[in-house]
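S.K.:
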Amino acid sequence: MKITITVNGEKREVETTPSTRLLDLLRDDLHLTGTKEGCGKGECGACTVIMNGELVASCLVLSPQADGAEITTIEGLGTEEELDPIQEAYIEAGAVQCGFCIPGMVLASKKLLEENPQPDEGEIRRGLSGNICRCTGYQKIIDAVKLAAKKLAGTGKLAGAGKSRGKGGGR
Amino acid sequence: MKKKGRGMATIMFGFGYGEGFPDHSIASVEIEKNGKILIRTAAADVGQGVLTVITQIAAEVLKVDPDRFYIIQGDTHLTKNSGSTSATRQTYFTGNAVKEAAEELLAKIYHYASLEFRSNHPQLGVEDGKVFRHDDPENYLTYWQLAEIVEKKGERLYGEASFFPRTYAPDPETGQSERMYVAYTFLTQVAEVEVDTDTGLVEVLKVDSALDLGKAINPQNVEGQLEGGTVQGMGMALMEEQVIREGITLNPDLTGYLVPTALDSPRINSCLVENEDADGPFGAKGVGEPTTIAAAPAIANAIYDAIGVRFYELPITPEKIIRALKEKEKNAL
Amino acid sequence: MTGIVGSNFLKVDARDKVTGRAIYPDDIYFDDLLYVKVKRAPHPHAYLRKLDVSKAEELPGVVKVITATDYPDLNKFGLIIKDQPVLVGIGEKMRYLGDALAIVVAESREIATRALDLIRVEVEELEVISDPLRAMDDDAPAIHEDGNILITHYLDKGDVEKGFAGADIIVEREYRTQHIDQLPLQPEAGVGLYDEESGVIKLWVATQWLHDTQADIAQSLGLPREKVRIIQPAIGGAFGKREDISVHIHLALAAMATGRPVKLTYTREESMITQSKRHPMIIRAKTGATKDGYLTAWQVEVIGDAGAYASSSPAVVHKGMYHCTGPYNVENVRGVSHAVYTNNTYSGAMRGFGTTQMAFAYESQMDILAHELGLDPAQFRLQNAYQVGSLTPNGQVLSRSVNVRETIKKAIEMSDWKGVRVE
Amino acid sequence: MKESAARSGNRQGTSGGDFKDCFRPEDYFTASKYFAPESLKEAVEILEGYGGDLKVLAGGTDLLVEYYERLYEVKGWLDLKNIPGLKEIKVFEDRIEIGPLVTHTELEKSENIKEYYPVLNRAAADVGSPQIRNRGTIGGNIITASPAGDLLAPLMAYDAEFKLVSTRGERIVPVGQFFTGPKRTIISSNEILSRIIIPLPGERTYGSWCKVGKRKALIISSITLALVVKFNKERVIKDIRACLGAVAPTPVEIKEVRKRARGKRIEDLNFSELGELVAERISPIDDIRGTAEYRRDVAREIMINALEEIAEKAAE
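Chains as they are written, first to last, in our numbering: chain A, 56 to 226; chain B, 577 to 909; chain C, 135 to 557; chain D, 26 to 341.
1. For Glu244 of chain C, go through chain D and note every residue whose CB falls closer than 7 Å to its CB, in chain order.
2. Which partner residues of Asn466 of chain C appear in the DSSP bridge assignment?
3. With 7 Å as the limit, tell me which residues of the stretch 262 to 280 of chain D have their beta carbon closer than that to any beta carbon of chain C; keep them in chain order.
4. If you compare alpha carbons, which of A:Ala150, A:Gly133, A:Gly159, A:Gly108 is closest to Gln624 of chain B?
5. For Tyr92 of chain D, would you say it is in contact with chain C, using Cβ-to-Cβ distances shorter than 9 Å as the test?
6. Determine the extent of the alpha helix (DSSP H) in which Tyr734 of chain B is found, giving its start and end residues.
7. Short of 6 Å in beta carbon distance, which residues of its chain neighbour Gly488 of chain C, apart from the five on each side in sequence? Order them along the chain.
8. Measuring straight from C-alpha to C-alpha, what distance separates Ala372 of chain C and Gly804 of chain B?
9. Mapping the DSSP letters down to three states, classify Asn877 of chain B as helix, strand or coil.
10. Less than 9 Å between the C-beta atoms of Thr476 of chain C and Ile263 of chain C, yes or no?
11. Closest to Arg394 of chain C by C-alpha separation, out of C:Lys173, C:Asp160, C:Val255, C:Val197, would be which residue?
12. So with CB distances below 8 Å, who are the chain A contacts of Gly153 of chain D?
13. For the 8 Å Cβ check, are there 3 or more pairs between the stretch 153 to 170 of chain A and the stretch 150 to 167 of chain C?
14. Is it true that the CB of Gly800 of chain B sits closer than 9 Å to the CB of Thr191 of chain A?
15. Assign Met756 of chain B to one of two classes, buried (16 or more other C-beta atoms within 10 Å of its C-beta) or exposed (fewer than that).
16. Which value, in whole angstroms, describes the spacing of the CA atoms of Arg181 of chain A and Ala273 of chain D?
17. Over the uninterrupted alpha helix (DSSP H) stretch that includes Ser690 of chain B, give me the two end residues.
18. Closest to Val622 of chain B by C-alpha separation, out of C:Val146, C:Lys173, C:Leu503, would be which residue?
19. Less than 9 Å between CB atoms is the rule here; does Gly131 of chain A satisfy it with respect to chain B?
20. Where does Met812 of chain B sit, in a helix, a strand or coil, going by DSSP?
21. Please report the residue range of the beta strand (DSSP E) in which Val200 of chain A lies.
22. Can you tell me whether Met577 of chain B is buried or exposed, with buried defined as 16 or more other CB within 10 angstroms of its CB?
23. Measuring alpha carbon to alpha carbon, tell me which residue in C:Tyr230, C:Arg248, C:Val222 is nearest Leu193 of chain C.
24. Verify whether the separation of the beta carbon atoms of Met815 of chain B and Arg412 of chain C is less than 9 Å.
25. Thr892 of chain B and Gly460 of chain C: beta carbons closer than 9 Å?
26. With C-beta atoms as the reference, is Ala620 of chain B less than 9 Å away from Gly650 of chain B?
27. Can you tell me whether Arg582 of chain B is buried or exposed, with buried defined as 16 or more other CB within 10 angstroms of its CB?
28. Would you report the Cα separation of Asn907 of chain B and Phe296 of chain D, rounded to the nearest angstrom?
29. Can you list the residues of chain C that Tyr193 of chain A reaches, using a CB-CB cut of under 8 Å?
30. In chain order, what residues of the same chain have a beta carbon less than 7 Å from the beta carbon of Leu120 of chain C, not counting five sequence neighbours either side?
31. Tell me the DSSP bridge mates of Trp338 of chain C?
32. DSSP three-state call for Thr399 of chain C: helix, strand or coil?
33. Do you know offhand how far Ala242 of chain D's Cα is from Asp855 of chain B's?
34. By the 10 Å Cβ neighbour count, where 16 or more other Cβ atoms means buried, how is Gly751 of chain B classified, buried or exposed?
35. Quick one: grab the DSSP three-state call for Arg49 of chain D.
36. Distance, Cα to Cα, Glu178 of chain A vs Leu162 of chain A?
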């Protein structure tokens, strides 16, 4: 069957089957591999995407359920040169370790800050409670969300210098 | 009813493989022609940040912008053995290997620059990727210019080192050994908990931590290890258990196997005790494993403080707490 | 450009990770990629009597089903002791539910999964040993040929009898810890590709120990090391779980058998059942102290549940024992530790490597002693803690960087410690 | 701890002969069917045609977990998403009607639900995680009929009724008759849940909600309690519903509480006795989320706490 979805602003017609999950469609068919599978049962949040403005676990959505939907994945945030302020904040706060939870975590942060631009710590914890992180103990992630809230308040919305030290790396 | 309590735990961890097991790391640092500096290591960065740590170390030794570095890592055919990312050893072992490789490279920079500048080593200085004579700093060579000069001589600006400290196998009957592990890291934590005596649920409110690590190469990353390790330890104390009965796992998914979420995890305050007195790079010791060890006993001791019941079996689940409180009440009668 | 060491220099790989560009093993795709699934043991302790893969092979889209019969010369693998089979052969034993019986390579994940259901397995069931104490019984069936006690270590310093005789108080307790999964968020995954011309198998997989994993794979396949090339993509956490072989050898076999790129990704369930755990431990600790609060003797017995295979057990369990006194001066120490085979998922490395379990025991002992002696637990720890010149249970002199007392003092300061309730 | 090899989802069971020959080759690549009808009438007709072979899809958060790695085994899906009206919360004079596709997030955010059914509102807020609350629906929670389903005890406490439609007409079933066992209800394979109907509570109705789970998010409840009490003007209890989840094969109301408490003032009740009564009347099992003994002990305490909470609210 064919479905039409708009992913990161781009409308796409995709051939799929009813038993294909949105997660598989994004990864296998569109090669948007920033969306991860950590458990396949909606219990870890690594596959989180924003669908029609809502945070969802893409492992619990059948692709035809997403027919006509607008999807934002991690690849839809910021650009190579200019990161989203939330992404910047994650780097600066030291919130990234293994990184496997981070795409989902960043998207959950984005939704949280859209709905509540100045969340307190309890609200941040609740907003991220569907995303498991095994590395950080969440503290630096929560700090990152606080930092992102400051950045977003300071710049009006999606500004952000996007330049951070320590790029490069091993591959 | 909610009852608060506090508990302390102090732990030590001997790191490196130790026990006479051959344990070493090889790394190299090379000035490339493209304005870059290449580090090669096989050290796996599983998220803890060893690649960042060695970049900092090499940049410090070579006095150069850390953004100049790139790393070839994790390819058996392009790197030499760096040992495992385990045993809390990479900062210490690969950190030292990279430091020594960078120092060897720096020595070569001094050597070849002294030929170019017709000077002695003490008359030379390096700063920001440049080498120059102190009496004429404007007339400098960048490392990369120097590398081209050196290449024409058929040489390379390259340093490689292996860090290979010795330990001794323990006596099989007594376990005695003159040097069992290369060094020891210490941590004290105080956990504050609140126990709901109606439901048996335990909330960890706060954990204060003081970590003896010699030197933090990157304090933010050390805190990240400490916070993450503490929450894993909290999971061990309160909720994590793969239940295996007759060889069969009854909870083989994240629905049944519970790790702490953002809502369960406490604030963790970190104090890094830095005396720069260890044999790791810049006086550092490893921290990866020790950060997870104190949390479970600190929480268990805090629960005792809160409700006067001692638990001998982990995890300390709500059922165990309610059952123990009932027994305690019965015994009090 | 000094002062980089000691600064919060930003992580070199963070930018790739926050943008989703970092490539983890499961993120690698090829156009003609095949998918691999592994048929695992249906029983935790049994002889494999029959394995019929013919129906699975007939399934359209199945490219290859590999069993031990196809590769009779495979060597066992393992971190310290090579005791783990790549594939259980007919007449051989499965020792836990993670043992592999067959490897299915198919055009899609779905076909591979369906094919697993078409493999017929017949086994002769044996007693399942789940409790290490049962495993140590004389009449317990041997899980491995040499018996169920995998390894025993001893520790003996000073004279514990004398130490206990000099104690005013002795606390003796038994502690138990549980099976824990390291639970890195990324389940085991990898992609393999065999280059027929060079004979090199390329594996894009995670490991915590690149060259040792390479060596283990090569010895198992009977190949020179340079014929196995591992390329490490981004690693989604480890905590000890990626020390052992997981997808590696199965991927290599699938790649060689098909000549096409192959991918194997574990489900979370498969990861939990198949890969290593933190050892459950039974720790019997006996500690003596004087009434003014100085430790005189410490004795431990440790039994670690190694599960079905050795993995890191020969190093983990006694490392726990060697840390039995924590960071405290004790002149007289004695201990014995056993790592014991069972039919549980095997235990291996996890953050702390045996000392995490032991800390629960020694720090509980310290707390109990403090309360029984009527001492502030912080003061009690402080007055017994190591300093430069202290001797560990192994008799190692701590010559430098021993700031444990400072950590206690700092923690007291930070937490505004005013003692706990003393009964 | 219940020891069962046949735990669903654990495919590494212990049977020696685990050969599964339910597939015939011709079935292998028959793709699942997918229907997304635009009217209820059409939906029930499709359902009638395919009967038990179709899975009715609301949010899918339970079904996709149940069929994890086995989605291809589902012969067909009947997705309700395009049917108008199923996502609405409608207020009538005497009742509120909730469409089955209303999500937990919508229940959490709805001012009407907050005002009239605070216990349901809070239960919805306690479901899983933001991701689950955004996709999971009230209809799905009801049809899955897990004993631990978080909305079920509140629905029972508010005397909800479920409207079921099929090609043959419709019927309205009170919540108390709907659940027949763990994951079992009286709905037939040709019926669709089309409305959840809850009478408007009168004035002076107070509620208390308690969910006990082993962690604070992403957790299946060990036990839930929904307590709803209606008072008359004289502050006498007109009616009381003490309903619990995860303590029996279905959500249960402890009716004895009604008998004991009706006609009394709350301050005249013996809370401990009522707590004890609740603990006695439930029939919990041992499972990975808690032992039966634990559930009884906790049921008693949370019942007492809930009564205290309501006494406080009623006194205001």
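Glycine residues also receive a C-beta, built at the ideal position from the N, C-alpha and C atoms.
Being a predicted model, the structure only gives us computed values, none of them experimental.
M.R.: Put simply:
1. Tyr97
2. C:Ala431
3. none
4. A:Ala150
5. Put simply, the CB of Tyr92 of chain D is far from chain C, with every gap to its CB atoms at 9 Å or more.
6. Not the alpha helix (DSSP H): Tyr734 of chain B falls in the beta strand (DSSP E), residues 734 to 739.
7. Val450, Val451, Lys453, Gly454
8. Going by the C-alpha atoms only, they are around 13 Å apart.
9. It is helical.
10. yes
11. Selected option, being the one with the closest Cα: C:Val197.
12. Gly97, Gly185
13. yes
14. yes
15. buried
16. A straight line joining the alpha-carbon of Arg181 of chain A with that of Ala273 of chain D spans about 30 Å.
17. 666 to 693
18. C:Val146
19. no
20. helix
21. Taken as a continuous stretch (DSSP letters only), Val200 of chain A belongs to no beta strand (DSSP E), being part of the alpha helix (DSSP H) at 194 to 210.
22. Exposed, by the Cβ-count rule.
23. C:Arg248
24. no
25. With the sequence shown as reference, residue 892 of chain B is identified as Ile, and Thr is not the correct amino acid for it. Cβ distance not < 9 Å, so Ile892 of chain B and Gly460 of chain C don't count as in contact.
26. yes
27. buried
28. 25 Å
29. By Cβ distance, chain C contributes nothing, its closest Cβ being about 13 Å from Tyr193 of chain A, past 8 Å.
30. The displayed coordinates of chain C run from 135 to 557. Any statement about residue 120 of chain C would go beyond what the structure contains.
31. C:Val325, C:Ile365
32. strand
33. One C-alpha to the other measures close to 44 Å.
34. buried
35. With a pLDDT of 46 at Arg49 of chain D, under the threshold of 50, the modelled position of this residue cannot be trusted; read the value that follows with caution. Of the three classes helix, strand and coil, the one that applies to Arg49 of chain D here is coil, per DSSP.
36. 16 Å
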